[in-house]
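Student: Each residue of the sequence shown is one higher than the last, beginning at 84 in the working numbering. Just so it is clear, CB atoms sit at the ideal spot from N, CA and C, and this is done for glycine as well.
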Amino acid sequence: MKKVINMKNKGQATSLSDVLIGLVVVGLIGLFVFLFITRGQEVQVRVEQNEILRRKITLINVLLSSEELVYTTETMVHRGVIDKEKLDDIESNPEALSRISYSDSGYSLKVIDLDVNDEWLVGNDFDPIFETPVAIRYSEDDIHIGIISIEFTSEVPMDVKELDTCQRIAESGYYKLTRNLIEDDLLGGDAFGSKDCFVITTSGVTLDCQNRFSITGMGSHRGIGVVINDPDSIVKNCEIRDFNTGIEIDSRLNKIEKNHIETCNVGIIVFKDENEIEGNIITEPEGDLGRGIDVHSESNLIEGNKIFDTIKNSIIIRKDGNELIDNVVCGSQMKDIFVDDGKTATGSGNTCDETNNYDDEGTAGCEKSCDGESSGTCYQGDVKVEIRATEEEIKEDYPTLPDYLLWGIAMQESGANHCRGYEVVEGSLGSTGIMQIYPTTASSYCADLDLTDWKDNIECVGRILIGKYNAYKDEDETYDPLDCGYSYADPWMRAVRGYNGWGCPIEWPSTRRYVCLVYDHAREENPILPVPECP
84 MKKVINMKNK GQATSLSDVL IGLVVVGLIG LFVFLFITRG QEVQVRVEQN EILRRKITLI
144 NVLLSSEELV YTTETMVHRG VIDKEKLDDI ESNPEALSRI SYSDSGYSLK VIDLDVNDEW
204 LVGNDFDPIF ETPVAIRYSE DDIHIGIISI EFTSEVPMDV KELDTCQRIA ESGYYKLTRN
264 LIEDDLLGGD AFGSKDCFVI TTSGVTLDCQ NRFSITGMGS HRGIGVVIND PDSIVKNCEI
324 RDFNTGIEID SRLNKIEKNH IETCNVGIIV FKDENEIEGN IITEPEGDLG RGIDVHSESN
384 LIEGNKIFDT IKNSIIIRKD GNELIDNVVC GSQMKDIFVD DGKTATGSGN TCDETNNYDD
444 EGTAGCEKSC DGESSGTCYQ GDVKVEIRAT EEEIKEDYPT LPDYLLWGIA MQESGANHCR
504 GYEVVEGSLG STGIMQIYPT TASSYCADLD LTDWKDNIEC VGRILIGKYN AYKDEDETYD
564 PLDCGYSYAD PWMRAVRGYN GWGCPIEWPS TRRYVCLVYD HAREENPILP VPECP
C-alpha cells in the first residue's frame, strides 16, 4: 500500500526556526531530556494544540514536537508556541497563572522561560506523553526559548467511576462511559414519552465518553442527551444523536468540549451564565428548531466549534456579553450567527457567510467566509484509544500481536488522522481514511464496514492484518515471493509486509521500507519491539 498522504504537516523550517534550534543546542545542553518517575514508571509530557485550561485561561497553538522545535507560516508560529496575548492580560499580572492547579490529578505543569527565568504554572488538563523545549511567543517579534517540566504532588490516582447506563449523577467525580447507550437505556418519560439520558444534579462532575461511545435518543425530537443542573461540570468526548436537545445547560461555570452532536433539534442550549462551549462539532440540526448553539444567558465563551447544515439559525445569541472565537459556521438555511436585535456579542476569527446584528472585531460579519469551506462532517475521536482497544480484542485470539503495531500503521499511513479539515482523508489512488485502505482490499475483508467511519476503518485494518498473519505465519524468513530482498523472521512483520504488498517499486522507497517505517512508529510507544531488516 503506497503512502499517498503525509498527514503530519511537518512544514519547512524558516530562518526563525533555525535560530531557535541553534539557541536550543547552545543554551539547553543537558536540559533537553528530563525523566520524572512515579510508581516506578517514566512520565513524559506533551501539550496538545488548543488545550483549554479551565476558567478562561487559554493556550493557543501549543504543540511540542520531537522532530522540530518551531516552524512558521504566513500568519503564525507553530509547534511549541504560547500566544501570551490570549492569557487574559497575563503580562501585567504573571502571578495569575500560579493559582491554577490540578492537585486532584496528582501533578502540576510549569512552562519555564529560560530567557527571563520566569515560570508559568499551566495546569495538567491533558494526557502526559513526552516533553521537549518550547518556544514562548510574547509578540510576533519576541520569541523566547523555554522548557516544559512536570512535578508530581501526589501518588493518589483519580477515582474514575464507570457508567454503562443512563442515570442521574448526584455525586461529584470523574465518570467514564463504557458502552454505547441506546433508547432502551434512557431514563423516565413524561406525558409526551420524552426520555433523557444523563442528568447531572451536583457540582464537580466530569462526564467523559472517551471519544469511543455514543448516546442515541428516541428520534422524533424527544428528550435530552445530557442535562446539567448544577455548576462546575465538564461534558466531553461524547457522540450524541437523535434527541430534541443534545446538551442542556441549566447552571453556571460548566465546560462542554469536544463532543459530536448530530441530528438533534438543538445541539446545545445554554440557560445560565459563564459557561464554555469549545471544540464541539454539531451537524445537521433538524426539526422545527434546527439550531446549533442557542444561548439564553450572558458571559459565555463559544470557541472553536464547527456547525454545519442547520435548518434554522446556527448560533443564536439572546443576551449580552457573550464571546465567539474561531468558530466555523456554514451551510445554515437562515443565518449562520444571529444576535437578537438590541443585544451585543463580541468575537474574532469566525468563519461564516450570513449574520444578523453581529460583526467580528474590525470587520463586517465574520472575519472569514465559507467560500471553499467544505460542509463535510468528518469526525474522529481518540484514535489511539480505539486502536489500543482493537489490539486488545485481537490479542484475545492472537496473543503474540505486538502492542502498538496498528498504531504504527496508522502513523505511517496518515499520521493517525482520519479527517483532513472536514473530509475523510483520501489517497490519490482511492485509499480511504486513517489506515488508507483500498476498496479492493476492503471488499475481501470489510465489505460490511463503512471505511469513512473512523472506527470501522480501524476495525478493517485489524481484520486485514489477521488475514495476512494467517497467510504468512507458517513461512520462514526467506519468504520473498517477488525477489525484492525482503527477509522477516517475525510472522507479524510478514503480515505488515503483506498488508502493504510484496512489491518493491524503485520509485516508491517508502513502500520498500514500509515494515521498518511502521515499526519505527510503533517503537515510539513500545520501545522493546524488534527492529526489522530494511532493504
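1. One question on the structure: do E406 and T429 come within less than 7 Å of each other, judged by their Cβ atoms?
2. For I283, tell me which candidate among H304, G256, R305 has the shortest Cα-Cα distance.
3. Out of curiosity, what's the CA-to-CA distance linking P592 and L269?
4. My parser needs the alpha helix (DSSP H) runs of 4 or more residues fully inside the segment 578-610; what are they?
5. So, with DSSP's three-state summary, where would you put T366?
6. Give every residue of the same chain whose Cβ lies closer than 6 Å to the Cβ of G300, excluding the five residues on either side of it in the sequence, and list them in chain order.
7. In three-state DSSP terms, what is S526?
8. Rounded to whole angstroms, what is the Cα-Cα separation between N363 and D377?
9. In the DSSP assignment, find the alpha helix (DSSP H) that holds R546 and state where it starts and stops.
10. Look at S334 and D356 and say whether their C-beta atoms are less than 7 Å apart.
11. Is the beta carbon of N440 less than 7 Å from the beta carbon of V422?
12. In chain order, what residues of the same chain have a beta carbon less than 6 Å from the beta carbon of I390, not counting five sequence neighbours either side?
13. Between I520 and R577, what straight-line distance do the alpha-carbon atoms span, to the nearest angstrom?
14. For D557, count the other beta carbons within 10 Å of its own beta carbon; 16 or more makes it buried, fewer makes it exposed. Which is it?
15. With respect to the alpha helix (DSSP H) encompassing I470, which residues constitute its N-terminal and C-terminal limits?
16. So, does the segment 477-497 touch the segment 590-609, judging by three or more C-beta pairs under 8 Å?
17. So what's G430 in DSSP terms, helix, strand or just coil?
18. Give the range of the alpha helix (DSSP H) segment to which Q495 is assigned.
19. Based on DSSP bridge pairs, tell me the residues matched to C502.
20. Count the CB pairs spanning the segment 475-484 and the segment 580-599 that are closer than 8 Å, and state whether there are at least three.
21. Quick one, which of I330, A472, I360, N358 has its alpha-carbon nearest Q293's?
22. Figure out for me which residue from G302, Y555, N500 has the closest Cα to the Cα of Q463.
23. Which same chain residues end up closer than 6 Å to Y66 when comparing Cβ atoms and leaving out the 5 residues on each side of it in sequence?
24. Between which two residues does the beta strand (DSSP E) holding K319 run?
25. Should I517 be labelled buried (16 or more other beta-carbon atoms within 10 Å of its own) or exposed?
26. Can you tell me whether DSSP reads D563 as helix, strand or coil?
27. What do you get for T434, buried or exposed, if any count of 16 or more other CB atoms within 10 angstroms of its CB means buried?
28. Tell me whether D419 sits in a helix, a strand or coil according to DSSP, three-state version.
29. Determine the burial state of L512: buried for a count of at least 16 other Cβ atoms within 10 Å of its Cβ, exposed for fewer.
30. Whole-angstrom Cβ separation of E322 and T346, contact assumed at under 8 Å?
31. Report the partner residues of Y257 according to the DSSP bridge assignment.
32. Near I317, which residues of its chain fall below 6 Å by C-beta distance, leaving aside the five closest residues on each side in sequence?
33. I think S586 touches L565, with their Cβ atoms under 8 Å apart; what is that distance to the nearest whole Å?
34. Are there 16 or more other CB atoms within 10 angstroms of the CB of N348, so buried, or fewer, so exposed?
35. Across which residues does DSSP place F281 in a beta bridge pair?
Tutor: Inspection of the coordinates gives the following:
1. yes
2. G256
3. 53 Å
4. 592-595, 597-608
5. strand
6. G306, D325, F326
7. helix
8. 14 Å
9. 537-555
10. no
11. yes
12. I365, G375, S397, V412
13. 18 Å
14. exposed
15. 466-478
16. yes
17. strand
18. 488-497
19. V507
20. no
21. A472
22. N500
23. Summary: the structure shown does not reach residue 66, with the chain confined to residues 84 through 618, and so no result is reported for it.
24. 317-319
25. buried
26. coil
27. buried
28. coil
29. exposed
30. About 11 Å separates the two Cβ atoms, so there is no contact after all.
31. V243, T289
32. T289, K338
33. Residue 586 is actually Gly in this sequence, not Ser. 6 Å between Cβ atoms; contact.
34. buried
35. Q250, V309
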